[in-house]
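Structure, as structure tokens:
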Amino acid sequence: MGYFMASMASKDASAFLLHDFETHNIKTSTCIFRSNAELAPVAYIIYADNTSSRTIINYNSIDELTFEEFKRKFEAACVEEVDTLNNDLPFNWIHFEGRNVVEVAKMIDYIGTKVWRPRTKISVELEKPYRRGLETLMSRADVVFFSKVFAEGKGYNHAGDFLQIMSPHCKNTALLFCTWGSSGAMCYNNQTRKLSTEPALPIPSVVDTVGAGDTFTAGVIYGLTQGMTTEGCLKFACELAVKEMKSYYSGSWRKQFDVKMKYYNINFLESSSP
């Protein structure tokens with residue numbers, strides 16, 4: 110069970126998205142709907158077979174979520190979860206995309222005022238290097254996800270070097286992850302100063318890389334909430350991302366993906382929400 114929070118087009122224009130979320134047991138009561146936006150955001154992806162490069166043309170005229178909107182929806186969701194679970198911890202994990210930086214920083218700081226904040230994890234994803242102020246979010250998160258594009262945009266050509274350079278800007282206990290395409294992914298534990306590496310799995314034929322990074326992020330978050338080791342998280346998330354790249358999105362592989370949990374050295378943790 111989880112919540113999705115974002116500013117979206119009108120309810121009519123967003124109906125197909127809402128249906129998809131709810132079908133997969135993701136609540137959307139935390140979304141803000143812009144009644145003046147009659148079209149949902151659209152992205153056109155042009156893929157070149159000969160170079161395996163992608164060109165993405167994005168159209169999104171919807172105003173970003175503001176702090177005040179977040180606060181109102183977040184408080185309502187907290188009340189709902191506490192009442193439903195009979196537990197004073199509404200969320201185990203809260204993830205933010207690195208967009209609308211000033212407002213997101215306010216959101217994270219607001220969560221920091223909650224008495225239950227030490228018992229929940231906050232993660233942020235930093236993907237686009239040209240967005241100003243993204244570095245200010247690093248020190249606020251327990252887990253930070255970096256993209257290869259972000260690292261290269263900062264002048265680095267190796268994930269391990271990049272993570273260690275970024276580590277002083279993050280919490281002393283933070284975990285820093287960075288994906289690196291065909292070179293796999295790395296994680297730097299700021300507390301132990303340990304760098305973990307997971308090589309990319311061989312893929313005979315890459316069909317579609319769209320969403321692979323997000324799939325990796327989801328795999329890491331899932332793994333950490335279930336008590337996986339860092340190495341187990343990396344292995345699990347990389348394998349999950351490979352499944353995404355081996356076929357065009359249909360959701361079918363998710364039904365067939367039988368993960369052998371003991372293989373990844375999991376010690377299950379109690380979740381706030383089933």
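For what it's worth, my numbering labels the leading residue of the sequence shown as 110, then goes sequentially. Every residue gets a Cβ at the ideal spot worked out from N, C-alpha and C, and that includes glycine.
Counting C-beta neighbours from all protein chains within 10 Å, is the total for residue i 16 or more, i.e. buried, or is it exposed?
i, result
"Y112", "buried"
"I203", "buried"
"L148", "exposed"
"E307", "buried"
"V211", "exposed"
"A268", "buried"
"T137", "buried"
"D121", "exposed"
"I165", "exposed"
"S361", "For S361, the predicted structure reports a pLDDT of 47, less than 50, and the residue's modelled location is therefore unreliable. The matter cannot be settled from this model."
"I155", "exposed"
"M110", "exposed"
"F205", "buried"
"T339", "buried"
"T64", "The structure shown has nothing for residue 64, since the chain only spans 110 to 383."
"G207", "buried"
"F125", "exposed"
"V253", "buried"
"I135", "exposed"
"K369", "With a pLDDT of 40 at K369, under the threshold of 50, the modelled position of that residue is not reliable, and the figure given next carries that caveat. With fewer than 16 Cβ atoms within 10 Å of its Cβ, K369 is classed as exposed."
"E184", "exposed"
"V188", "exposed"
"N266", "exposed"
"N281", "exposed"
"S359", "Summary for S359: the model assigns pLDDT 48, below 50, so the residue's position carries little reliability; its value from the coordinates is reported in the next sentence. Classification for S359: exposed."
"S123", "buried"
"S276", "buried"
"N167", "exposed"
In the DSSP output, what is residue i paired with across the bridge?
i, result
"W202", "K230"
"L285", "V253 and Y297"
"H219", "It should be noted that the sequence gives Tyr, not His, for residue 219. DSSP, once it has assigned bridges, lists no residue as partnering Y219."
"Y112", "K136"
"F142", "M117"
"L235", "F255"
Within this structure, are the beta carbons of residue i and residue j separated by less than 7 Å?
i, j, result
"S116", "E173", "yes"
"L272", "L285", "yes"
"L333", "C342", "yes"
"T175", "A214", "no"
"V233", "A250", "yes"
"K257", "G293", "no"
"A152", "S119", "no"
"G262", "P238", "yes"
"M114", "T139", "yes"
"E178", "I231", "no"
Going by DSSP, what residue range makes up the beta strand (DSSP E) through residue i?
i, result
"R163", "S162 to Y168"
"V151", "V151 to A157"
"E307", "K303 to E307"
Assuming residue i is part of the alpha helix (DSSP H), what are its boundary residues?
i, result
"L194", "F176 to L194"
"M275", "A268 to M275"
"T338", "Counting along the chain, T338 falls outside any alpha helix (DSSP H), and DSSP gives it neither H nor E."
"L246", "E244 to M247"
Examine the ligand HEM and report whether any of its heavy atoms sits within less than 6 Å of the Cβ of residue i.
i, result
"K120", "The model on display carries no ligand, and the ligand HEM is accordingly not part of it."
For this session: Decide if the stretch 321-332 is in contact with the stretch 297-310; the criterion is three or more beta carbon pairs, one per stretch, under 8 Å apart.
Result: no
For this session: Please confirm if the stretch 190-206 is in contact with the stretch 159-171, defined as three or more CB-CB distances below 8 Å between the two stretches.
Result: The stretch 190-206 is not in contact with the stretch 159-171.
Exercise. How about the stretch 186-197 and the stretch 211-219: do they share at least three Cβ pairs that are nearer than 8 Å?
Worked result: Verdict: no, contact absent.
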